[in-house]
Amino acid sequence: MSESKGRFGKRVRNSGSWKDDSDLQNDLESVHPSMKRANNKVSKTTTDRNDERKSRISEITADEEQMLFGNKINLEDYENNRQEIFHQQPIDTSPHTLELPKREVDILRLEVTQFQERVDRNGLKSLSAEEKSEFESRKELLHTLQKNNKNESFLLPEDYLTEEGKIDLAKKAKALKMDMKAERKQRENEWYENQVNRAQQVNQLTKLKKETVNETEKQYEYVFDQSHMIDYVPDIPEDEMKELENKIELEELIVQEEKRISSIEETKKSLPVFQFRDELLRSVGKYQVLIVVGETGSGKTTQLPQYLYEAGYGKHGKMIGCTQPRRVAAVSVAARVADEVGTRVGDKVGYSIRFDEKSSENTVIKYMTDGMLVREFLTDHDLAKYSVMIIDEAHERTLQTDILLGLFKNLLKKRPDFKLIISSATINAKKFSDYFDSAPIFNVPGRRYPVEIFYTQQPEANYLSAAIITVFQIHMSQKSSGDILVFLTGQDEIETMAENLAETCKKLEGQIKEMVICPIYANLPPEQQKRIFEPTPKNARKVVISTNIAETSLTIDGIVYVIDCGFVKENVYNATTGMESLEVLPCSKASADQRAGRAGRVGPGKCFRLYTKWVYLNDLPRNPTPEILRTDLTGVVLLMMTLGITDLVHFDFMDKPSTKTLVKALELLYALGALNERGELTNVGIKMAMFPTKPMLSKSLLASSELKCCDEVLSIVSMLEDTGSLFVNSKEKKEMAKNAHASFHSKIGGDHLTLLQIWDKFAESGFSPQWCHDNFLQYKVLQKARSVKKQLQRICRRLGLLSDGPHESEREPNTTALRVMKAITAGYFSQSARLSPRGDTYTTLSRKQPVLIHPSSTLHGAVPPVKLIVYHELVMTTKEFMRHVMPVQGKWLAEYGRNYFDKKDLL
DNA sequence: GAGCACTGC
25 MSESKGRFGK
35 RVRNSGSWKD
45 DSDLQNDLES
55 VHPSMKRANN
65 KVSKTTTDRN
75 DERKSRISEI
85 TADEEQMLFG
95 NKINLEDYEN
105 NRQEIFHQQP
115 IDTSPHTLEL
125 PKREVDILRL
135 EVTQFQERVD
145 RNGLKSLSAE
155 EKSEFESRKE
165 LLHTLQKNNK
175 NESFLLPEDY
185 LTEEGKIDLA
195 KKAKALKMDM
205 KAERKQRENE
215 WYENQVNRAQ
225 QVNQLTKLKK
235 ETVNETEKQY
245 EYVFDQSHMI
255 DYVPDIPEDE
265 MKELENKIEL
275 EELIVQEEKR
285 ISSIEETKKS
295 LPVFQFRDEL
305 LRSVGKYQVL
315 IVVGETGSGK
325 TTQLPQYLYE
335 AGYGKHGKMI
345 GCTQPRRVAA
355 VSVAARVADE
365 VGTRVGDKVG
375 YSIRFDEKSS
385 ENTVIKYMTD
395 GMLVREFLTD
405 HDLAKYSVMI
415 IDEAHERTLQ
425 TDILLGLFKN
435 LLKKRPDFKL
445 IISSATINAK
455 KFSDYFDSAP
465 IFNVPGRRYP
475 VEIFYTQQPE
485 ANYLSAAIIT
495 VFQIHMSQKS
505 SGDILVFLTG
515 QDEIETMAEN
525 LAETCKKLEG
535 QIKEMVICPI
545 YANLPPEQQK
555 RIFEPTPKNA
565 RKVVISTNIA
575 ETSLTIDGIV
585 YVIDCGFVKE
595 NVYNATTGME
605 SLEVLPCSKA
615 SADQRAGRAG
625 RVGPGKCFRL
635 YTKWVYLNDL
645 PRNPTPEILR
655 TDLTGVVLLM
665 MTLGITDLVH
675 FDFMDKPSTK
685 TLVKALELLY
695 ALGALNERGE
705 LTNVGIKMAM
715 FPTKPMLSKS
725 LLASSELKCC
735 DEVLSIVSML
745 EDTGSLFVNS
755 KEKKEMAKNA
765 HASFHSKIGG
775 DHLTLLQIWD
785 KFAESGFSPQ
795 WCHDNFLQYK
805 VLQKARSVKK
815 QLQRICRRLG
825 LLSDGPHESE
835 REPNTTALRV
845 MKAITAGYFS
855 QSARLSPRGD
865 TYTTLSRKQP
875 VLIHPSSTLH
885 GAVPPVKLIV
895 YHELVMTTKE
905 FMRHVMPVQG
915 KWLAEYGRNY
925 FDKKDLL
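Position 669 (the first sequence) corresponds to 693 in my numbering; numbering is contiguous.
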């Protein structure tokens, strides 16, 4: 027999072995004939009390009245006692002398409770005047008692009722806890006293019997003699006390959790998508591809994967995937769903985004960015891990979504068991359906408040001033307190408008209500971005002036009015010239509707469009141009080649990119050595595809390994990924910022070595945000570069490009700069330009195009001017500019660009 | 001597 942890086991030793409770029962009966009854009593006083305790805990929710009032008083007793106690013996209720026996307090308490119940049921009016005053006085008396005697804990209705008379569960739980603690303490005290008394008796008896009774065998026998029966009170040792306490706390948590779950269940059921659950699952079972049209607020993003999981799509080690175009969306939706499912993120529900993955073997529902899924295709061509994939927000038509759609169209033939669900807004559902061979469209209504739309009567010549006037019109004419969201195209406009509004407000001070002006755009430092989420003060109106960051990426609460200028800034890529330009273009109808929708999130809203209805109907394009039609596709082509898709010109894209763009991509890949003469992928190409960077940058990284300057090039490449907003240009401290930036300049190596300098100093500072601030650099951007570098480093190491040995450049420090520049040239030879004979402009080598060095470059205005340069990008703003330039030697271009240039070009 | 829509790997 093993050692038992039961109380009796420790106490009663028999036949040299420890007993558990059930054995003990038999033993007891055999010890003494009188034990049978006593034994029962022992049993009752221990186990039953335990049970009682347990049931008390679990009854917290089930039988509240019983629990709260310990209502064991007989009503007749009550009446009799009442006569006796209250009428025959008037009591002194002054606070200092007041002391009542427990029973009387119980009666009082019951009385108050019954009054309260009557009031709860029928209202205060149901009591007669006499009863009312009695009720009041009893209540007061009880209060006084409670105040006087803190050891006695009473639960008054006030302890758990809200002002409206409903039960406040949080309050009640707290009150209950107090009550139980007090009771436990009391029981403990009683037990202690009892034990002391018994112990004294036992001692005396022991003395008496010791002489005659065999000590070892029968030491405890007398204990079971009826006359000396011990009234057992549950012994609560330290650890068990803790356990009990934990248990009570746990129970409280469970109560809260149950509340939470029931509220989750209610919310889930109230979502529009819920009533379509079964029908949706039937359709998914029946068709391989399903287009789900669900407006915002339908709940499809959170519910659909759960429905699929409940229907068994997560079985047999397969996962349910759901892609999102944005990182924050993937993370926040995963958190939400994990909460609903009742697991922590990373367990059953996980997510996967760049630099951050939370998933495990248990993960069955996985949210991810669409770009992440594209990369996943590289390691798992058949996506064997997934049984179903949901492409959410497909109508946004991001580059990655479009690639995925193409890849899935191929995959569906290979895997008939695989299910694909495309979730889109109404506007282009048909297009998705057509693309997937007339896949059925499933409509789920959304839940949004109506938004009233207003157009201008005539076209507005200047939408900026029109927007300002409209803001004041709303502010002064609309009585309700909703906030205003203004959509403009860029930082410049936003700042201008913010200043203008602030000035006008100042002039009108005292005549109008306060206005809180919040500009918002992606490049705004995060701490300033947070301002838009601060609640609007009373009697003020918030005016958020935003780019289209607020169209999809950010949701601001409290917006009731939207002002839409009708334009967007869009990056336009010209495949022929390789030139990018940021242009202000009319936004699409889809965008305009999306913007208007932002007014209807909290209640009915209004949208003021600064253009005519005619323009909306006739001039605005239906949808924005899909990204795939307006970007460089070199990286996409390389990726798809790696996936075995060789005939890209005939690949079934939803919107086919121009042949010109594809051919240009193929040519460059050939020149970079990623493809051979027959257009087949080379080893270099395979390695390049491993990097999540533009192929030109990947090529530079490969070259840097041979040139023993991998670390330096890694830094530069990581920073080139996102250079647009590295420098902070503060208006007030323009000179200081300029000087700070100038301290990093490198005339020899151009902008690339400047970036390297910045990186090295940033690293030296210990990646300090303060250092960034002091040097007018965006911490956010450098921080991201740091993550990128870490990721690229890992890949380099995996490919054996980066040795862990001593710093490569330490061996030959003098030539480091040159080797770095050479490595960059290995990727960028195709983007080179030569100084024109007159010495004031440059001409691109590939297309003989006139271009200029961007004024932000360190090489701008260099004396003497650099003869031969490569550039990172070509941008068309006021003129054709090369941004991020670096001097090169002709022989480098000849070496790396031998498949690109005619020999005579280089002479 | 100019200027930076927004995402994502």
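Quick reminder that beta carbons are idealized off the backbone N, C-alpha and C, glycines included.
_Through-space distance from R301 to G336, alpha-carbon basis_ = By one-based count along the first sequence, residue 336 stands at place 312. By one-based count along the first sequence, residue 301 stands at place 277. Cα to Cα, G336 sits roughly 14 Å from R301.
*Does DSSP classify L92 as helix, strand or coil?*
Along the first sequence, read from residue 1 onward, the residue named residue 92 stands at position 68. Residue placement at L92 cannot be trusted, given a pLDDT of 40 that sits under 50; the coordinates are not used to answer.
*Is the distance from the Cβ of L859 to the Cβ of P889 below 8 Å?*
Position 835 of the first sequence, counted from the first residue, corresponds to residue 859. Position 865 of the first sequence, counted from the first residue, corresponds to residue 889. Contact: yes.
_Contact check, F853 vs Y920, beta carbons under 8 Å_ = Within the first sequence, the letter at position 829 stands for residue 853. Within the first sequence, the letter at position 896 stands for residue 920. Yes.
_Can you give me the C-alpha to C-alpha distance between A713 and V887, rounded to a whole angstrom?_
Residue numbering aside, residue 713 sits at position 689 when the first sequence is read from its first letter. Residue numbering aside, residue 887 sits at position 863 when the first sequence is read from its first letter. So the alpha carbons of these two residues sit roughly 40 Å apart.
*Could you check what DSSP says for K755 in three-state terms: helix, strand or coil?*
What you label residue 755 is simply residue 731 of the first sequence in a count that begins at 1. DSSP places K755 in coil when its eight states are reduced to three.
_Spatial neighbours of P911 within its chain, please: C-beta separation below 6 Å, excluding the five flanking residues on both sides._
On the first sequence, position 887 is the one that residue 911 refers to. Only G774, V890 and I893 meet the Cβ criterion.
*Under 6 Å Cβ to Cβ from Q618, same chain only, skipping five residues before and after it: list those, please.*
If you number the first sequence from 1, residue 618 lands on position 594. So the qualifying residues of the chain are E575.
*Write down every uninterrupted run of the beta strand (DSSP E) in the region 813 to 894 whose length is 3 residues or greater and which is fully enclosed by it, in chain order.*
856 to 859, 866 to 868 and 874 to 877
*Keeping to the same chain, check which residues put their C-beta closer than 7 Å to that of V592; ignore five residues upstream and five downstream.*
Counting from 1 along the first sequence, the entry for residue 592 is found at position 568. T513, N572, L609, C611 and S615, listed in sequence order.
*Alpha-carbon spacing of G668 relative to K723, whole angstroms*: As a working note, residue 668 is residue 644 in the first sequence. As a working note, residue 723 is residue 699 in the first sequence. Answer to the nearest angstrom: the Cα atoms are 21 Å apart.
_Straight-line Cα distance separating N270 from N175_ = As a working note, residue 175 is residue 151 in the first sequence. As a working note, residue 270 is residue 246 in the first sequence. Low confidence applies here, because N175 scores a pLDDT of 41, under 50, leaving its location unreliable; read the following figure in that light. Roughly 22 Å between the two C-alpha positions.
*Is DSSP giving F591 helix, strand or coil here?*
As a working note, residue 591 is residue 567 in the first sequence. Note: F591 maps to strand in three-state DSSP.
*Could you give the C-beta distance for L780 and E736, rounded to a whole number, given that I count them as a contact under 8 Å?*
Counting from one through the first sequence, the residue named residue 780 turns up at place 756. Counting from one through the first sequence, the residue named residue 736 turns up at place 712. That pair is a contact at about 6 Å.
*asked:* So the candidates are T670, L725 and E651; which of them puts its Cα closest to the Cα of D426?
replied: Indexing the first sequence from 1 puts residue 426 at position 402. The candidate whose alpha carbon is nearest that of D426 is E651.
_Looking at the secondary structure, which residues open and close the beta strand (DSSP E) in which P329 lies?_
Counting from 1 along the first sequence, the entry for residue 329 is found at position 305. Counting along the chain, P329 falls outside any beta strand (DSSP E), though it belongs to the alpha helix (DSSP H) covering K324 to E334.
*Relative to the ligand NAD, is the shortest distance from any of its heavy atoms to the C-beta of I518 smaller than 7 Å?*
Ligands are entirely absent from the displayed structure, and the ligand NAD is therefore not among its contents.
*Quick one, which of K771, Y331, K758 and L726 has its alpha-carbon nearest R821's?*
As a working note, residue 821 is residue 797 in the first sequence. Taking only the C-alpha atoms, the option nearest R821 is L726.
*Is the distance from the Cβ of R471 to the Cβ of S322 below 8 Å?*
Working through the first sequence from its first residue, we reach residue 471 at position 447. Working through the first sequence from its first residue, we reach residue 322 at position 298. In this structure, S322 lies closer than 8 Å to R471 by Cβ.
*Residue from Q553, V365 and G318 whose Cα sits closest to the Cα of N452*: In the first sequence, the residue the question calls residue 452 occupies position 428. Comparing Cα positions, the closest option is G318.
*Note down, in chain order, each residue of its chain lying with its Cβ closer than 8 Å to the Cβ of L634, except the 5 sequence neighbours on either side.*
Your numbering for residue 634 matches position 610 in the first sequence. If we look at L634 and ignore the five residues flanking it on each side, its Cβ neighbours are T480, E484, Y487, A490, A491, T494, I587, D588, C589 and G590.
*In three-state DSSP terms, what is V708?*
By one-based count along the first sequence, residue 708 stands at place 684. V708 falls in the helix class under three-state DSSP.
*Presumed contact (8 Å Cβ cut-off) between L436 and V313, rounded CB distance*: Residue 436 sits at position 412 when you count from the first residue of the first sequence. Residue 313 sits at position 289 when you count from the first residue of the first sequence. Their Cβ separation, rounded to whole angstroms, is 7 Å, which keeps L436 and V313 in contact under 8 Å.
*Compare the C-alpha of T422 against each of A362, V369 and T655 and name the closest.*
Here residue 422 refers to the residue found at position 398 of the first sequence. Looking at the Cα atoms, T655 is the closest of the given residues.
*DSSP three-state assignment for M933, whether helix, strand or coil*: For residue 933 there is no data in the structure shown, the boundaries of the chain being 25 and 931.
_By the DSSP assignment, the beta strand (DSSP E) with F511 in it spans what residues?_
Taking the first sequence and counting its residues from 1, the one referred to as residue 511 is at position 487. Per DSSP, F511 belongs to the beta strand (DSSP E) from D507 to F511.
*Measuring CB to CB, does L672 end up less than 8 Å from L686?*
Here residue 672 refers to the residue found at position 648 when the first sequence is read from its first residue. Here residue 686 refers to the residue found at position 662 when the first sequence is read from its first residue. Yes, the pair counts as a contact, with Cβ atoms nearer than the cut-off.
*In terms of residue numbering, what span does the beta strand (DSSP E) encompassing P911 cover?*
Counting from one through the first sequence, the residue named residue 911 turns up at place 887. Here the beta strand (DSSP E) through P911 covers E904 to P911.
*State buried or exposed for T579, treating a residue as buried only when at least 16 other CB atoms are found within 10 Å of its CB.*
The sequence position of residue 579 within the first sequence is 555, counting from 1. So T579 counts as exposed.
*asked:* Is the beta carbon of R145 closer than 8 Å to that of L151?
replied: Indexing the first sequence from 1 puts residue 151 at position 127. Indexing the first sequence from 1 puts residue 145 at position 121. Cβ distance not < 8 Å, so L151 and R145 don't count as in contact.
_Only counting the same chain, and skipping five residues up and downstream in sequence, which positions put a Cβ closer than 6 Å to that of F925?_
Numbered from its first residue, the first sequence carries residue 925 at position 901. So the list is empty, once near-sequence residues are dropped.
*When we look at the beta-carbon of F677 and count the other beta-carbons within 10 Å, is it buried (16 or more) or exposed?*
Working through the first sequence from its first residue, we reach residue 677 at position 653. With 16 or more other Cβ atoms within 10 Å, it is buried.
_Outcome for L148 when other beta-carbon atoms lying within 10 angstroms are tallied against a minimum of 16_ = Indexing the first sequence from 1 puts residue 148 at position 124. Result: exposed.
*Name the two residues that bound the continuous alpha helix (DSSP H) containing L295.*
Stepping through the first sequence from its first residue, residue 295 is reached at position 271. Careful: L295 lies outside any alpha helix (DSSP H) and carries neither H nor E.
*asked:* Tell me which residues share the same chain as R843 and place their Cβ nearer than 6 Å to its Cβ, disregarding the 5 neighbours each side in the sequence.
replied: Residue numbering aside, residue 843 sits at position 819 when the first sequence is read from its first letter. For R843, where only same-chain residues beyond five positions count, the Cβ hits under 6 Å are L731 and C733.
_Just to confirm before moving on: does the CB-CB distance between I288 and E364 stay below 8 Å?_
What you label residue 288 is simply residue 264 of the first sequence in a count that begins at 1. What you label residue 364 is simply residue 340 of the first sequence in a count that begins at 1. Cβ atoms of I288 and E364: closer than 8 Å.
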